[in-house]
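Shown next, in structure tokens, is the structure this report addresses.
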Amino acid sequence: MIETLGTLGTVRVGLIVAFTLLGLFFSFVSMVGVLRLPDVYSRAHTASQADTLGAGFGLAAVALAVGWEGAGFKSVLLLFFIFVTNPTAAHAISRAAFEEGIVPWTEGDDRR
Amino acid sequence: MWWVADADDAGGPVTNDAGGPVTNDAGPTPRSTVVVPVEPSPTLRATVSHVAEAAADGEFDAIHFVEIASWRDGDPGSDDRSAEARRVLERVSAWAEADLDDADGDTGDDVTVVSALIGADEYLFGPEDYVEVLAEYAGEHGADTVVLDPEYTPVGNTTLLQPLEFALSNTSLSVRTAPVGRPTRPERLRSEATGVRFAAMFGLSLAFYFVLGDPLYWFDWVTGVATATIVSITLSRISFDADPAIPRTPQRLVRGAIYVPVLLYEIVVANLVVARVILDPRLPIDPTLNRVRVIVGSGLPLMTLANSITLTPGTLTVRARDSDLYVHSLLPWAREGLFDGSLERWTRFVYYGRSAARLPTPRERDDHAILQGPDATEELPIAAADGGATGDDAGPEAAADAESGTGDEGVTDA
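Protein sequence lines, in the order shown, are assigned to chains A and B. As numbered in my numbering, residues 1 to 112 make up the first sequence, in order. As numbered in my numbering, residues 113 to 526 make up the second sequence, in order.
In structure tokens form, the structure reads like this:
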């Protein structure tokens, strides 16, 4: 593992580490958001954050690490599908909540 | 079939002015006026004959053929589409005149044939919109009957006739479907699925298969062609609303490629703002539900816009009710950004080109509303129906609402 990293070049390794850390950071923020935010609608905001930038930076790091070949190309495709399906799923969840008649939490609401 | 009526006599009292219908020699109207929405369809010719026969029998004394525009004036290509629509209307009027002449000398002569293109000043979404435009036109021209072509499907491949009939039954108009032979289902499938859409779907799925597989290995060719065939047979009707066209589709792809980095930038900025708020110990959020009326076409453009809004943290599309988007915003900052409409302009740029992207923001158009909190300007559409899950009316009606896009029925008995 160390030897393969050595052949990648310092800049590339730096970018991979940076992307991984950014992905971890946004996934962490998303987790905190799901725990802290009050209702289903606001949680859907932050849950989609984990997908867009958390998984986004993670997959970008993977693509950089494996290079422009089969697996790297597939991770770019994965990213594309996540960007299409993630908002659709968030919309489906919030719409289901809306049709169940769940009123979004506002300032001063005691549900929390 | 188009050439049948072109043979003779297209010179009746057809009024085809660009501005709309001109009713001529309006005398006393002992008989009634009929409105026929038209669209190129396999049964259009037979429907026209049916209406003309009924008129010749003395049932109607004026026939209004209307084409309801599925586009909006000012869109790129709208000129071509209205020109095409007017050609269809001219042809239909010529058919009707010919049928009236054939039918009977006496009564056929006093039947007025009028044609009009309506509804081009706004985007129309569900059947309700179509019926509204139709009913308005009927009211203006004193018509009390609507005859529908059984294959009338104004929005691409969506089968609209049944919801259209249902929506029409709520108006004072009397409605009937022309009793003409409906082509069998397979024929209909064939007419929609062949050609460009099939080829596009096939090429796309084969290309995707080879991205995952190996285009140099014969076995992947066999399985890839088999897979692509199955995919295009089952999905080409669903995946494409309209045939991919040569200048338009590549243009959209290129403009979409320009949009992607812009969207990524917006996503990163919004992510950072939202991340700061979430990690703030005070959690300074101020969520509200909002309504924005957007000016993008139904289908793919609307989906692109709604998904872009959801992808940007801080805004979440909850409902798309025709052109009204119900968007939940986490922060006032996100809400203001939404009302500034930059994503709406970008979506219009991707689908309609640069000139169409210059339009006032939703705030300037007054197409926005806050539905909750101290700044609320409009009532929350579900506030009256809260606890809908406990009542016994939550099931099928909610599902029907979801299908038809109107959510008003569920509120009434709360």
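Where is the CB? At the ideal position from N, CA and C, for every residue including glycine. Note that the structure is a prediction, hence the values are computed from the model and not measured.
Give the residues from the stretch 376-410 of chain B that approach chain A closer than 8 Å (Cβ to any Cβ), ordered along the chain.
Residues of the stretch 376-410 of chain B with a Cβ closer than 8 Å to any Cβ of chain A, in chain order: Ile379, Val380, Asn383, Val386, Ala387, Ile390, Leu391, Leu395, Ile397, Asp398, Pro399, Thr400, Leu401.
Pro425 of chain B versus chain A: which residues are under 8 Å apart at the beta carbon?
Position 313 of the second sequence, counting from 1, holds the residue named residue 425 of chain B. The contacting residues are His45, Thr46, Ser48, Gln49, Thr52.
Residue-chain proximity (Ala245 of chain B, chain A), Cβ-Cβ < 8 Å
If you number the second sequence from 1, residue 245 of chain B lands on position 133. Here the sequence assigns Val to residue 245 of chain B, which means Ala is not the residue at that position. Taking Cβ atoms only, chain A never reaches closer than 8 Å to Val245 of chain B, which makes this a no.
Burial state of Val259 of chain B, where buried means 16 or more other Cβ atoms lie within 10 Å:
For the purposes of this step, residue 259 of chain B is taken as residue 147 along the second sequence, with counting starting at 1. Buried, by the Cβ-count rule.
DSSP beta-bridge partners for His176 of chain B?
For the purposes of this step, residue 176 of chain B is identified with residue 64 of the second sequence, where counting begins at 1. The partner list for His176 of chain B (beta bridge, DSSP) reads B:Val147, B:Val226.
Does any C-beta atom of chain A lie closer than 8 Å to the C-beta of Ala418 of chain B?
Here residue 418 of chain B refers to the residue found at position 306 of the second sequence. Interface residue, yes.
How big is the Cα-Cα spacing for Ala354 of chain B and Ala208 of chain B?
Start at 1 with the first residue of the second sequence, and residue 354 of chain B comes out as number 242. Start at 1 with the first residue of the second sequence, and residue 208 of chain B comes out as number 96. Looking at the two C-alpha atoms, the distance is approximately 29 Å.
Output the distance between the C-alpha atoms of Pro291 of chain B and Val430 of chain B, rounded to the nearest integer angstrom.
Locating residue 291 of chain B in the second sequence gives position 179, where the first residue counts as 1. Locating residue 430 of chain B in the second sequence gives position 318, where the first residue counts as 1. If I take the Cα positions, the gap works out to 42 Å.
Mapping DSSP to helix, strand and coil, what is Pro188 of chain B?
Stepping through the second sequence from its first residue, residue 188 of chain B is reached at position 76. In this structure, Pro188 of chain B counts as coil in the three-state DSSP scheme.
If you draw a straight line from the alpha carbon of Thr88 of chain A to that of Val245 of chain B, how long is it in whole angstroms?
By 1-based counting over the first sequence, the position of residue 88 of chain A is 88. By 1-based counting over the second sequence, the position of residue 245 of chain B is 133. Between Thr88 of chain A and Val245 of chain B, the alpha-carbon positions lie close to 31 Å from each other.
Would you say the stretch 16-30 of chain A touches the stretch 60-69 of chain A, given that touching needs at least three Cβ pairs under 8 Å?
They touch, by the three-pair rule.
Name the two residues that bound the continuous beta strand (DSSP E) containing Asn402 of chain B.
The sequence position of residue 402 of chain B within the second sequence is 290, counting from 1. From DSSP, the beta strand (DSSP E) with Asn402 of chain B extends over 400-405.
Name, please, each residue of chain A whose Cβ falls closer than 7 Å to the Cβ of His440 of chain B.
Along the second sequence, one-based indexing puts residue 440 of chain B at 328. Under the 7 Å cutoff, chain A gives Tyr41, Ser94, Pro104.
At what residues does the alpha helix (DSSP H) containing Val292 of chain B begin and finish?
In the second sequence, residue 292 of chain B corresponds to position 180, counting from 1. Careful: Val292 of chain B lies outside any alpha helix (DSSP H) and carries neither H nor E.
From this set, B:Ser420, B:Ser161, B:Ser351, which residue's C-alpha is nearest Glu456 of chain B's C-alpha?
Position 344 of the second sequence, counted from the start, is the residue given in the question as residue 456 of chain B. Considering only B:Ser420, B:Ser161, B:Ser351, the residue with the shortest C-alpha distance to Glu456 of chain B is B:Ser420.
For Asp452 of chain B, which option in B:Val408, B:Ala168, B:Pro472, B:Ala250 has the closest C-alpha, if you only look at C-alpha atoms?
Residue numbering aside, residue 452 of chain B sits at position 340 when the second sequence is read from its first letter. When C-alpha distances from Asp452 of chain B are compared across B:Val408, B:Ala168, B:Pro472, B:Ala250, the shortest belongs to B:Pro472.
Using a cut-off of 7 Å between C-beta atoms, extract the partners of Leu156 of chain B located in chain E.
Of the protein chains in the structure, A and B, none is chain E.
Secondary structure of Tyr438 of chain B, DSSP reduced to three states:
Taking the second sequence and counting its residues from 1, one reaches residue 438 of chain B at position 326. Strand at Tyr438 of chain B.
Taking 8 Å as the cut-off, decide whether the C-beta atoms of Thr52 of chain A and Leu318 of chain B are in contact.
Counting from 1 along the first sequence, the entry for residue 52 of chain A is found at position 52. Counting from 1 along the second sequence, the entry for residue 318 of chain B is found at position 206. Taking 8 Å as the Cβ cut-off, Thr52 of chain A and Leu318 of chain B do not qualify as a contacting pair.
Is the shortest distance between the beta-carbon of Thr88 of chain A and the beta-carbons of chain B less than 8 Å?
Translated into positions along the first sequence, residue 88 of chain A becomes position 88. Yes, its Cβ sits closer than 8 Å to a Cβ of chain B.
Relative to the C-alpha of Thr10 of chain A, which residue among A:Ala65, A:Ser27, A:Ala50, A:Ser30 is closest?
Translated into the one-based positions of the first sequence, residue 10 of chain A becomes position 10. Among A:Ala65, A:Ser27, A:Ala50, A:Ser30, the Cα nearest to that of Thr10 of chain A is on A:Ala65.
Taking DSSP as the reference, what is the three-state secondary structure of Ala76 of chain A?
For this step, residue 76 of chain A is matched to residue 76 along the first sequence. Just to set this straight, residue 76 of chain A is Val in the shown sequence, not Ala. For Val76 of chain A, the three-state secondary structure derived from DSSP is helix.
Can you grab the Cα-Cα spacing for the pair Ala247 of chain B / Ala92 of chain A, in whole Å?
For the purposes of this step, residue 247 of chain B is identified with residue 135 of the second sequence, where counting begins at 1. For the purposes of this step, residue 92 of chain A is identified with residue 92 of the first sequence, where counting begins at 1. Taking the straight line from one Cα to the other gives about 34 Å.
Spell out the partners DSSP gives His480 of chain B in its beta bridges.
Along the second sequence, read from residue 1 onward, the residue named residue 480 of chain B stands at position 368. Under DSSP, His480 of chain B forms a beta bridge with B:Val404.
Quick one: which chain B residues come within Cβ less than 8 Å of Val32 of chain A?
Position 32 of the first sequence, counted from the first residue, corresponds to residue 32 of chain A. When 8 Å is used as the limit between beta carbons, Val32 of chain A is near these residues of chain B: Ile390, Leu391, in chain order.
Going along chain A, which residues have a C-beta under 8 Å from Gly336 of chain B?
In the second sequence, the residue the question calls residue 336 of chain B occupies position 224. The premise fails here: Gly336 of chain B is roughly 16 Å from chain A at the closest Cβ pair, so nothing lies under 8 Å.
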